[in-house]
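Visitor: The structure is given below, and queries will be raised subsequently.
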Amino acid sequence: MIENVIPVPRAVCPACHALFKIHVRGPVRCENCSKELIVADIRADYFFVEFSHYEGFKQRLQALEREAEGLRSENGALRERSLRRLSDGKA
């Protein structure tokens with residue numbers, strides 16, 4: 014067993030999901046997609062990586078929320094149609 018090993022903090026890029034090593038707090042670039050990220054905090058066993066372009070992240074999040082709402086309404090419409098078919102078949 015190896016003793017006295019210092020773990021190298023790693024981060025997952027929110028854009029491309031690549032795993033890369035981080036050594037400093039502050040702005041860094043993803044080694045895979047070159048997206049500029051901000052390392053907000055480095056601790057021994059975990060870390061926080063944030064988009065440096067907050068507005069772009071916020072717009073993507075809003076688009077995903079709209080897409081999820083559309084899927085929920087589509088699911089509700091399908092459920093209503095299925096219930097109508099079942100009730101028509103039993104009547």
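Taking our numbering, the leading residue of the sequence shown gets 14, the next gets one more, and so forth. Even glycine gets a Cβ: it sits at the ideal position worked out from N, Cα and C.
#1: Here's the rule I'm using: 16 or more other beta-carbon atoms within 10 Å means buried, otherwise exposed. How should C29 be labelled?
#2: For A81, which three-state DSSP category applies?
#3: Just curious, the beta strand (DSSP E) that A24 is in, first and last residue?
#4: Within the continuous beta strand (DSSP E) that includes K34, where are the two ends?
#5: For R73, which residues does DSSP report across the bridge?
Guide: Answer, in terms of the structure:
#1: That one is exposed.
#2: Residue state, collapsed to three classes: helix.
#3: For A24, the enclosing beta strand (DSSP E) stretches over residues R23 to V25.
#4: For K34, the enclosing beta strand (DSSP E) starts and ends at L32 to K34.
#5: In the DSSP assignment, no residue is bridged to R73.
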